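For reference, each letter of the sequence shown is one residue, going 43 to 282 in this note's numbering. The beta-carbon is built from N, C-alpha and C at its ideal position, and this holds for glycine as well. In this text the structure is predicted, and so the values were computed from the model without any measurement.
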Amino acid sequence: MKRIQSSMIVNVTRVIFEGDMSMKNVSISSIENSTGLVLYPKIAQKLGLCLVENKVKPGLLAEGTTGQIAHEISSLLQENGIRSFEARELANNSLSCSTEKIIANELVKELSDTVALFSRLKQHGSKIAVCTADNRKSSLLALKRMGVTHLVDMIVCGDDKNTIPKPNPHNALKICSFLNIKPSQAIMVGDTRVDIEMAHNAQLGAAVGVLSGIGCRDHLHKADVLLDHVGHLVETFYEK
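Right, here's the structure in full:
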């Protein structure tokens, strides 16, 4: 494995933490209560929520921005007879409710010792950026609760202005420009298909898939490097 001389870790927040699925349940329930319709199975299927395993699977919820998710929920509501304005309002309110529950109930579960991981990366001279489809408010709070805000050089969120959703290379190239590094000097670490595709589209130095998040081997098969756990990142790129 080649050593990355001047690296930037473009890291998806879902690789580091995941939200509790009960948050999504409440969000969908609020739509059903407002409309009187039984939509949970349809919304769950559209978003990529597995009702049998009670977990998030690769799909819109794992890969899409808040705006994209709201659009799909709104479209589904309109297909079931809800007027367009009301459908958009219900979709946006349900997602706002989800964000507030994350903030109020601290629904953050770390998949690694994030402080230790980021600190080791910094010891090797890495620049760290977070590129996430999640909204800025909940992302910043999650990083703060994990105690790594001071270790992150840049964060790009799904609701930021002048951003384009993955797998478009725009956000990755924006990060490289801000950190003053070449794309070939950067690696992308992610747990979804669009993370890997964005890395390739931006011609980054490596697309690293991790199996400790949402994605499985089938979804991450195009990764240049596939790790069983995000905690193996440093030893793979720096300590061999």
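Contact between T107 and G200 holds: CB atoms are separated by about 3 Å, below the 8 Å threshold.
The DSSP-derived three-state label of K99 is coil. Beta-bridge pairing by DSSP links L269 to V252.
A contact between stretches requires three or more CB pairs, one per stretch, nearer than 8 Å, and the stretch 169 to 181 meets this requirement with the stretch 190 to 206. Contact between the stretch 113 to 132 and the stretch 154 to 169 is not established, with fewer than three Cβ pairs separated by less than 8 Å. For C218, no beta strand (DSSP E) segment is defined; the enclosing uninterrupted segment is the alpha helix (DSSP H) at H212 to L221. In the three-state reduction of the DSSP assignment, G109 falls in the helix class.
Contact annotation, A214 with A241: C-beta distance approximately 7 Å; criterion of less than 8 Å satisfied. About 6 Å separates the beta carbons of N243 and P209, which is inside the 8 Å limit, making them a contact pair. Under the criterion of beta carbons closer than 8 Å, V250 and A265 qualify as touching, at roughly 6 Å. In the DSSP assignment, V198 is bridged to C173. Distance from the CA atom of I85 to the CA atom of L79, rounded to whole angstroms, is 12 Å. One alpha carbon belongs to P225, the other to N96, and they sit about 38 Å apart. In this structure V190 is buried. Its beta-carbon is surrounded by 16 or more other beta-carbon atoms within 10 angstroms. Counting every other CB atom within 10 Å of its CB across the protein chains shown gives H261 a total of 16 or more, marking it as buried.
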